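Using UniProt numbering, read the sequence shown as starting at 1 and increasing by one per residue.
Written out below as structure tokens is the structure these notes cover.
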Amino acid sequence: MRFLIALNIILYSFSMSAQDHSAEKYLLKYYEQEAFDKVVEKADSILANNNKANLSRIYQIKADALYFLNDVEASLQNYLLTIEYLEEFPVDTVYLIESYSHTGFCYKYLGKFTEAIPYYEKALQICRQVNDSLEIANQLSHLGEIKVKLNAFAQAKAYYEEAYEINFNLKDSIAFGYDLVDLGDLKFAMKEYDKAIEYYQKGILVHETRANNHNTHILRMGKLSHAFLHVGQSDSAMYYINQALNEAEKLNDSLSMAKHWIIKAEILAFEKDFDSALWYGNSAKDYFHEDGYSSYKTNGNITLADIYIAQRNLRKAKTILITEKEFLEENKKWDRLFDIYTKLIMISEQEGNYKAALDYSKSFRVLNDSILQKDKLQTILSLETSFNTKQKEQEIELLKSQEKLIQFKLAQERKNIIVLGVMLILVVFIAIFIYFSIRKKHQLERELLSAQINEMRSQLKMLIDNNSAEITIDQDVFNEKLDNPLSTREIEVLTYALSDLTNQEIADKVFVSVNTVKFHLKNIYEKLGVSNRKEVIKFALSSSKLNE
């Protein structure tokens with residue numbers, strides 16, 4: 001009966017595994033054909049009807065497909081669902097790393113930088129555990145990029161240097177391309193634009209990219225365009241921004257297009273083509289109207305405000321900046337407020353409203369004092385995000401089946417008891433073995449010593465039998481060989497000790513206690529320079545031979 005039950009369990013597990021693999025293989029067939037809309041459709045069908053599928057893997061494949069369909073928000077939600085089901089439906093290490101890394105990437109792509117940090121850190125932790133050097137460098141690069149965005153330059157530099165050292169040792173040319181762009185980002189953030197241009201240009205020359213990074217060249221050309229604009233080379237800036245927009249249009253990547261409209265609006269404003277600049281700026285604003293795109297929304301609004309300021313339309317610029325200021329304060333995006341306050345101070349002074357200018361200046365100073373060390377602020381924000389993430393994970397855990405939790409604990413307890421029992425048995429066995437080994441060793445030593453003593457006694461007896469005059473020890477002759485002579489009592493005890501008498505028998509012979517006999521023997525051993533009766537007999541034998 002037990003055999004049948006076990007067989008049924010094995011067959012059921014095999015069936016479950018086969019169905020999991022079958023569903024995954026079914027989706028990957030469309031995925032490899034780049035029929036991503038079909039992947040999403042089939043994944044939804046599997047999730048709705050097949051409760052035996054590996055939900056983590058199905059959500060992950062669906063999330064990948066949604067990313068290639070440029071629906072990054074939906075892709076992010078499915079990556080989060082992948083992570084939610086990981087404990088119940090585990091995946092291979094490669095997919096596990098991708099689950100966290102791709103979630104961080106989506107947050108970063110949407111401009112939610114602090115939200116991305118804990119997911120990249122988790123991916124990095126797993127990579128270090130499995131010692132995957134290539135992926136370690138990849139996660140370090142992403143974290144460095146985010147730290148640059150958050151103005152935490154010291155942390156960014158540390159991440160980039162570690163990633164660069166790994167890629168150098170691996171001789172990974174593709175990774176070098178990413179490292180060069182990362183260094184360009186760092187130099188751009190530090191306002192070293194000429195150096196940033198140099199790094200970006202070298203990065204663009206590396207045409208190969210990692211798998212699934214289809215928009216890499218779009219981003220690199222956009223960054224190079226922005227750097228050229230900051231050194232006043234608008235022709236070069238316009239060339240690269242148009243290249244980036246053309247590539248984004250070919251890929252139907254609307255998010256990349258909207259991000260680069262902001263840069264093009266800045267270039268057009270620099271060239272004083274304000275009408276065209278406003279068109280691109282407002283197009284980006286309309287695209288990023290939702291809070292989900294907060295970072296790019298802020299970039300677009302600041303660009304629009306700059307265009308209106310250049311047109312001397314201070315009222316519109318001020319309205320946009322005040323609205324954005326309130327949004328940033330509400331969402332605690334402190335680092336972007338510096339630009340807002342600076343522009344509001346300038347507008348207020350030009351309007352002659354010096355009281356407002358003074359108020360904004362005070363707010364600027366308070367903000368500057370509160371985040372004098374920006375790395376500390378970003379650490380706090382990262383900790384807040386990590387806490388929120390952990391809180392969410394805890395809430396999900398509370399929704400898990402209590403029965404599964406109990407079964408898991410019971411299984412662990414049984415396992416611990418078995419392990420403890422085996423260890424205890426081994427310890428007892430080893431202790432018994434050691435005890436009997438020591439006992440056997442001591443027994444053999446005692447038997448050997450007794451045999452040696454008896455042999456010497458036999459030799460002594462033979463000497464005595466050959467010369468009856470030597471039955472007793474001549475105290476004077478015996479003491480001549482000693483630096484510290486024996487007393488009469490000690491000679492008497494020694495004589496009996498040379499026979500086969502015990503300490504008790506010697507005590508009876510000389511009418512003293514056993515302790516006194518032991519005391520005399522101890523003194524005799526010290527004076528003769530020996531440690532036991534065996535050596536006393538040897539000494540007596542040599543003395544007897546000398547006496548002959």
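Yeah, the Cβ is synthetic: ideal placement off N, Cα and C, and Gly gets one too.
What you are looking at is a predicted structure, and each value in this text was computed from that prediction instead of being measured.
Worksheet item: On the three-pair Cβ rule with 8 Å, is the segment 154-165 touching the segment 190-197?
Response: no
Item to complete: Starting from HIS230, trace the alpha helix (DSSP H) both ways and give me its first and last residue.
Response: 216-230
Discussion item. Determine whether the beta carbon atoms of ALA258 and TYR287 lie at a separation below 8 Å.
Written reply: yes
Worksheet item: Residues in its own chain within less than 7 Å of THR82 by CB, not counting five upstream and five downstream?
Response: Contacts found: SER56, TYR59, GLN60, ALA63, SER99.
Practice prompt. With a 10 Å radius around its C-beta and 16 neighbouring C-beta atoms as the bar for buried, classify GLY300 as buried or exposed.
Written response: buried
Worksheet item: Between residue 567 and LEU541, what straight-line distance do the alpha-carbon atoms span, to the nearest angstrom?
Response: For the chain, the structure presents residues 1 to 548; residue 567 sits outside this window and is missing.
Fill in: Boundaries (first-last residue) of the alpha helix (DSSP H) holding PRO118
113-130
Discussion item. By the three-class DSSP mapping on this structure, what secondary structure does LYS171 have?
Written reply: Correct three-state label for LYS171: coil.
Practice prompt. Please list, in chain order, all residues of the same chain as TYR79 whose beta carbon is under 8 Å from its beta carbon, the five residues on each side excluded.
Written response: Same-chain partners within the cutoff: TYR59, GLN60, ALA63, SER99, HIS102, THR103, CYS106.
Worksheet item: Does DSSP put VAL512 in a helix, in a strand, or in coil?
Response: coil
Worksheet entry | Bounding residues of the alpha helix (DSSP H) (the contiguous stretch that carries THR495) | 488-498
Worksheet item: Does DSSP put GLU145 in a helix, a strand or coil?
Response: It is helical.
Worksheet entry | With 16 other Cβ atoms within 10 Å as the buried cut-off, status of SER468 | Confidence in SER468 is poor, its pLDDT being 35 and thus under 50, which makes the residue's placement too unreliable to answer from.
Fill in: Where SER531 falls: helix, strand or coil (DSSP)
It is coil, neither helix nor strand.
Worksheet item: Quick one: Cα of VAL130 to Cα of LYS333, how far?
Response: 36 Å
Practice prompt. For the alpha helix (DSSP H) containing PHE270, list its first residue and its last residue.
Written response: 254-270
Worksheet item: What's the C-alpha gap between GLU115 and ASP172?
Response: 29 Å
Worksheet item: If you check the beta carbons only, do LEU314 and ILE345 fall under 8 Å apart?
Response: Going by C-beta atoms, LEU314 is not nearer than 8 Å to ILE345.
Worksheet item: By DSSP, does ALA469 sit in helix, in strand, or in coil?
Response: Bear in mind that a pLDDT of 38 at ALA469, under 50, signals an unreliable position, so the model cannot answer this.
Worksheet item: Rounded C-beta distance between VAL148 and ASP185? I'm assuming under 8 Å.
Response: That belief holds up - the Cβ atoms of VAL148 and ASP185 are roughly 5 Å apart, short of 8 Å.
Worksheet item: Buried or exposed: LEU383, going by 16 or more other Cβ atoms within 10 Å of its Cβ?
Response: Note that LEU383 scores a pLDDT of 45, beneath 50, so its modelled location is shaky and nothing firm can be said.
Worksheet item: Measuring CA to CA, which of LEU219, GLN243, ASP253, PHE270 is closest to GLN233?
Response: In this structure, PHE270 is the residue among LEU219, GLN243, ASP253, PHE270 with its C-alpha nearest to the C-alpha of GLN233.
Item to complete: Please report how far the alpha carbon of LEU66 lies from the alpha carbon of VAL206, in whole angstroms.
Response: 27 Å
Practice prompt. Helix, strand or coil for LEU186, going by three-state DSSP, please let me know.
Written response: helix
Discussion item. Quick test of the definition: if touching needs 3 or more C-beta pairs under 8 Å, does the segment 161-168 touch the segment 119-130?
Written reply: no
Discussion item. Just to confirm my understanding: we take GLY529, look at its own chain, exclude 5 residues before and 5 after, and list those with CB closer than 6 Å. What are they?
Written reply: none
Item to complete: Give the single residue among GLY177, GLU32, LYS25 whose Cα lies nearest to the Cα of ASN54.
Response: LYS25
Fill in: Distance, ALA244 Cα to HIS217 Cα
Linking HIS217 to ALA244 through their CA atoms gives a straight-line distance of about 8 Å.
Worksheet entry | Per-residue burial, ASN252 [other beta carbons within 10 Å of its own, 16 or more giving buried] | exposed
Worksheet entry | Boundaries of the alpha helix (DSSP H) in which VAL40 is found, first to last residue | 36-49
Fill in: DSSP state of GLY352 mapped onto helix, strand, coil
coil
Worksheet entry | Endpoints, the alpha helix (DSSP H) within which ALA152 is located | Per DSSP, ALA152 belongs to no alpha helix (DSSP H) and is neither H nor E.
Worksheet item: Can you tell which of ASP339, ALA356, GLY352, ILE46 has its C-alpha closest to the C-alpha of ASN368?
Response: Taking each of ASP339, ALA356, GLY352, ILE46 in turn and checking the Cα distance to ASN368, the smallest one comes out for ASP339.
Item to complete: Whole angstroms is fine: what's the gap from residue 553's alpha carbon to VAL514's?
Response: Since the first residue of the chain shown is 1 and the last is 548, residue 553 is not available in this structure.
Discussion item. Within a Cβ cutoff of 7 Å, which residues of the same chain sit near ARG336, ignoring the five residues on either side of it in sequence?
Written reply: THR298, LEU328
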